[in-house]
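Engineer:
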Amino acid sequence: MNQKAQQEPDHLISLLTTTQQAAPPRRSGTLRGRRDVRNTVFVPNPATPELTSIGELPPIPSAGSGAPSFNTPAIPPQPPSPAFKLTHRNLVSEDHTASDTQSIRSGRSLSSSTSATIKHPEMHDPGLNSSIAETVSTWFEQGNVTKALVIGQIALAFNPVDIAAGPFGTETIRLENFPVLEKVAPNPAFVEQIADNPGNYRVDLSKITKTSVAFHYQIHLEPENLASFAPILLSPLWKTEASQTSVILNYGLNPKYNLGEATSVTVQNVILLLRLEPGSKTTSCQSKPSGSFSKDKAHIYWRLGDVTFTRDQPPQTMRVRFFTEGEAKPGNCEARWEITGDQALRTGSGLGVSQRAPATEKLEADPFADADENAPPTTPAWKEVVSVKRITSGTYIGV
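First residue of the sequence shown: 2, per this note's numbering; consecutive thereafter.
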């Protein structure tokens, strides 16, 4: 198995680290009676890629392109804590043993070899704002999802009505749909977890007058929902001969993708790519529809733009014939895409951010009313924080 291929998804998970110190005992109870979520350490890793807009992608790079440079949010120095980097095998169920085909047949993915930046937008609504960015990595084999990984960031920004009116104090927030998380790492520079209240945090508003990453997280996936985050199904069929290799790439809406109540999804900035195994020598290529062919890199790709997939739509087909010097081995296909706007808020993990609503004024007590000493304590009210969301592909490959 190619070593680079094994290390392919490492960049997707380098922000999720856990200490080597013994963790405190975990409570058996969970939020609303559901599964527990592991807290991890927030580590701004300079080797972690950030995702730029896919529309800004340069021409598809060669498999041997150099490592990109990355930026991370500036965070005040924190006391050092022993931490280690989780490997992809730690994050994927051991039931999904990596095979030669799952290792992407030695091909290097576009997403890992292209400089990418998770750039949260500037948010200007008064008060607290949030930006959610999720990255979906999926591995297909014969049209079936064999592995998947969904990670993300939540950034916060506080826009005071009067910037000179500080100090701004703190705000209590809650992560909605918190039990879907496998791991969460709050930023200790301005986020404090509220003890014995999973999913609830106290945020120092004075530290987020500019957009700042508040959480890194990983979604919990089970075999039954492994494919539910992947909108596009990839299924290539290969035929190799002495001097040519033919491929039929079928792609369409993944029937297991969670559309909710919708019947379609529009995926933006879609790029599809087919490549032969590295080292293959091509002389020419025929394709239908026509695409951008690279003789030196032995691949062809299509920039499809915005594509709407519907439940009742049959798969679309790309047909390619590579003419080669000698017999070439199959490589893989890859997709790159993003989902933004209201669609993104309705799909994906369902994570959201709420803040404690201002307390309502109490009515004047009635001195003649009977006192109810057994009345339950008032449940705090919450209101949704203004949010934007973007879902993008990470390593998204089919063989």
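Positions of the beta carbon are idealized from the N, C-alpha and C atoms, including for glycine.
Note that the structure is predicted; figures quoted are calculated from it, not measured.
Spatial neighbours of I353 within its chain, please: C-beta separation below 7 Å, excluding the five flanking residues on both sides.
Structural biologist: Position check: residue 353 holds Gly in this sequence, whereas Ile was assumed. Here the set comprises E177, N178, E385, S388.
Engineer: Using only CA atoms, which one of V400, A382, G292, F294 lies nearest to P331?
Structural biologist: V400
Engineer: So, using beta-carbon positions, are L157 and S131 closer together than 7 Å?
Structural biologist: yes
Engineer: Would you kindly report the start and end of the unbroken beta strand (DSSP E) that includes A165?
Structural biologist: Here A165 belongs to no beta strand (DSSP E), and DSSP marks it neither H nor E.
Engineer: Please report how far the alpha carbon of W408 lies from the alpha carbon of L346, in whole angstroms.
Structural biologist: Residue coverage of the chain in this structure runs from 2 to 400, which leaves residue 408 outside it and unanswerable.
Engineer: Since V308 and L275 are thought to touch, with beta carbons under 8 Å apart, how far apart are those beta carbons, to the nearest angstrom?
Structural biologist: V308 to L275, Cβ: 17 Å. No contact.
Engineer: Taking Cβ positions, are I340 and I392 nearer each other than 7 Å?
Structural biologist: yes
Engineer: Which residue marks the beginning of the alpha helix (DSSP H) containing D343, and which one marks its end?
Structural biologist: 342-347
Engineer: In angstroms with no decimal places, state the Cα-to-Cα distance between A190 and K208.
Structural biologist: Pairing A190 with K208, the inter-Cα distance amounts to about 8 Å.
Engineer: Verify whether the separation of the beta carbon atoms of V192 and A215 is less than 7 Å.
Structural biologist: yes
Engineer: How close, in whole Å, do the beta carbons of F324 and S285 come, if the pair is a contact with beta carbons under 8 Å?
Structural biologist: So it is a contact: roughly 5 Å between Cβ atoms.
Engineer: Using DSSP bridges, identify the partner residues of M319.
Structural biologist: L250
Engineer: My parser needs the alpha helix (DSSP H) runs of 4 or more residues fully inside the stretch 287-333; what are they?
Structural biologist: none
Engineer: In or out: Q269 buried (at least 16 other Cβ within 10 Å) or exposed?
Structural biologist: buried
Engineer: Which of helix, strand or coil does DSSP assign to N270?
Structural biologist: strand
Engineer: If you check the beta carbons only, do I233 and A336 fall under 7 Å apart?
Structural biologist: yes
Engineer: Under a CB-based cut-off of 7 Å, is V185 close to chain B?
Structural biologist: Considering every chain present, this structure includes no chain B. It has just one protein chain.
Engineer: How many angstroms separate the CA atom of P256 from the CA atom of K390?
Structural biologist: Cα-Cα distance, rounded: 23 Å.
Engineer: Grab me the residues of L305's own chain with a C-beta within less than 8 Å of its C-beta, minus the 5 sequence neighbours each way, in chain order.
Structural biologist: V271, I272, L273
Engineer: On the CB-based measure, 16 or more other CB atoms within 10 Å of its CB, does P237 come out buried or exposed?
Structural biologist: By the beta-carbon neighbour count (other beta carbons within 10 angstroms, threshold 16), P237 is buried.
Engineer: Contact between the stretch 237-246 and the stretch 198-208: three or more CB pairs below 8 Å?
Structural biologist: Output reads no: the stretch 198-208 does not touch the stretch 237-246.
Engineer: Given this structure, state the Cα-to-Cα distance separating Y252 from I164, to the nearest angstrom.
Structural biologist: 50 Å
Engineer: State the Cα-Cα distance for the pair T311 and P161, rounded to the nearest angstrom.
Structural biologist: Just so you know, the alpha carbons of T311 and P161 end up roughly 42 Å apart.
Engineer: Please report how far the alpha carbon of K211 lies from the alpha carbon of E326, in whole angstroms.
Structural biologist: As the crow flies, the alpha-carbon of K211 is around 56 Å from that of E326.
Engineer: When the Cα of Q154 is compared with those of F169, E172, G144, I133, which residue comes out closest?
Structural biologist: Answer by Cα proximity: I133.
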